[in-house]
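First to last, the sequence lines map onto chains P and S.
Counting in my numbering, the first sequence runs from 1 upward without gaps.
Counting in my numbering, the second sequence runs from 197 upward without gaps.
C-beta: ideal position from N, C-alpha, C; glycine also.
Data block below; observations after.
2 protein chains.
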Amino acid sequence: MQFWFEFASTYSYPAAMRIEAAAARHGVALDWRPFWLGPIFAEQGWNDSPFNLQPAKGRYMWRDLERRCAGYGLPLLRPSRFPRNGRLAARIVIGAAGEPWLPAFVRAVYHANFAEDRNITDRGVIVDLLEGLGLPSAALLASGESERAKEALAAQTAQAQRLGVFGAPSFIVGDELFWGDDRLEDALDWHVRHAA
Amino acid sequence: MQFWFEFASTYSYPAAMRIEAAAARHGVALDWRPFWLGPIFAEQGWNDSPFNLQPAKGRYMWRDLERRCAGYGLPLLRPSRFPRNGRLAARIVIGAAGEPWLPAFVRAVYHANFAEDRNITDRGVIVDLLEGLGLPSAALLASGESERAKEALAAQTAQAQRLGVFGAPSFIVGDELFWGDDRLEDALDWHVRHAA
């Protein structure tokens, strides 16, 4: 199952924290696909998160996220700045496809942004998170800042658009798209019933 | 619990079909609140459903609705025209507050639009649905077309906006807003845990 996520996306936070254990329970292998919502939103004429552009929806989202995180037992500290540009982290993840530490790094970035209000746009924060996992931060940072990584994120974002992805998190099982943290279990069930 | 719905709204269809039985199972009394999304969308600068304005999201919604209706055992026939103006039906429902036939009429209107592709904007279709329930269609139609009913729907829509409602279906329990058919059970659980 493909897991499409964006580090700036609020509902991607609980999905990212839950998905590895949930997929394991269903016996489903995961393909981690970070992408960038910016160009997808820009196509709608949006220059900001819809949760900022639509204040009533934004107020609702923060309360709903709070209730859902409480239900999952996940900490939530509303970021003092939203959305935060998570492209550096996304480019490091794309370069780390197949690495055993990838899921832990993804969770560390989400936790920093949504449970600790740390600025994940800052290189120093990303270095801290990599070193907290015992990883070679200088090499990974250089790789994440390379032209090649920028092109890889742009290509992955273009692929998301071709697949019909319009928001995050999204899950793809065969030809079926599921959108939203609240569709994670539906997507896994679909995989078990149809793809297995 | 307040149930805010709009006859044009796709995800309001499964919510409307499910809510009376689900609320009864939870021992929760329902307050049926039809409203009109038009002015709420217009405030966002939208002159159409976001599912039409955003094609990728619209394609997803129809497939997601299909999967969810199948899961609920509800028939779905994609309407040949979307959205359909459901204001006449909404005004009849507002005038019928407390009537024992209200839930059945709401379901009949949704079924006509989303399972039979009937034009619920047409007075003749509304008359048929009322008569199918053995109701005095001429009197109810006259009441639904009155200035008083138009004012009542406008007032109820303004109240929805004041309560933070930005989409349909929405459920309100105390100060808590829940949005979407997929939050119906959460709203009922919240009522049982906090309001009861």
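The alpha carbon of His307(S) has as its nearest neighbour, out of Ala351(S), Pro271(S) and Thr317(S), the alpha carbon of Pro271(S). Relative to the Cα of Glu99(P), the nearest Cα in the group Ala16(P), Trp32(P) and Ile120(P) belongs to Trp32(P). Taking a beta-carbon distance threshold of 9 Å, Ala56(P) counts as an interface residue toward chain S. Here Trp179(P) is bridged, per DSSP, to Ser170(P). Taken in chain order, the unbroken stretches of alpha helix (DSSP H) that lie wholly in the segment 93-127 of chain P and span 4 residues or more are 102-115. For chain S, the residues of the segment 34-58 of chain P that bring a beta carbon within less than 7 Å of one of its beta carbons are Gln44, Gln54, Ala56 and Lys57, in chain order. For Ala391(S) against Gly370(S), the beta-carbon gap comes to about 6 Å, under 8 Å, which counts as contact. Here the alpha carbons of Leu102(P) and Pro169(P) stand approximately 17 Å from one another. Contact of Asp182(P) with chain S by beta-carbon distance below 9 Å involves Gly376, Asp378 and Arg379.
If you draw a straight line from the Cα of Ala300(S) to the Cα of Gly167(P), it comes to about 36 Å. Here Asp48(P) is exposed. Its C-beta has fewer than 16 other C-beta atoms within 10 Å. At a cut-off of 9 Å between beta-carbon atoms, Leu349(S) makes no contact with chain P. Judged by DSSP in its simplified three-state form, Trp190(P) adopts helix. Note: Trp32(P) is bridge-paired with Phe3(P) in the DSSP secondary-structure output. Take Ala266(S), set aside five residues on each side of it, and no residue of its chain has a beta-carbon closer than 7 Å to its own. With fewer than 16 other beta carbons inside 10 angstroms of its own, Ser146(P) counts as exposed.
The continuous alpha helix (DSSP H) containing Glu66(P) extends over residues Pro55 to Tyr72. DSSP places Glu145(P) in no alpha helix (DSSP H); its state is neither H nor E. In the three-state reduction of the DSSP assignment, Gly38(P) falls in the helix class, which pools H, G and I.
Taking Gln198(S) as the centre and dropping the five residues before and after it, the same chain places the C-beta of Asp227, Arg229 and Ile368 closer than 6 Å to its C-beta, in chain order. The Cβ atoms of Arg255(S) and Asp186(P) do not sit closer than 9 Å to each other. Put simply, of Gly291(S), Ala293(S) and Leu373(S) the residue whose alpha carbon is nearest the alpha carbon of Arg63(P) is Leu373(S). Under the DSSP assignment, Tyr209(S) falls in the alpha helix (DSSP H) whose first and last residues are Ser208 to His222.
Between Leu329(S) and Ala304(S) the beta-carbon gap is near 6 Å, inside 8 Å, which marks them as a contact. Here the alpha carbons of Ala212(S) and Gly360(S) stand approximately 20 Å from one another.
Per DSSP, reduced to three states, the secondary structure at Phe278(S) is coil, with no helix or strand assignment. Under the 9 Å criterion on CB atoms, Glu176(P) is classed as interfacial with respect to chain S.
The C-beta of Tyr11(P) has 16 or more other C-beta atoms within 10 Å across all chains shown, which makes the residue buried.
Arg287(S) places its beta carbon 9 Å or farther from that of Ala351(S).
Taking C-beta atoms as the reference points, His26(P) and Val192(P) count as a pair closer than 9 Å. For Gly269(S), not one C-beta of chain P is nearer than 9 Å to its own C-beta.
At a Cβ-Cβ threshold of 9 Å, Ala22(P) and Leu140(P) do not count as neighbours.
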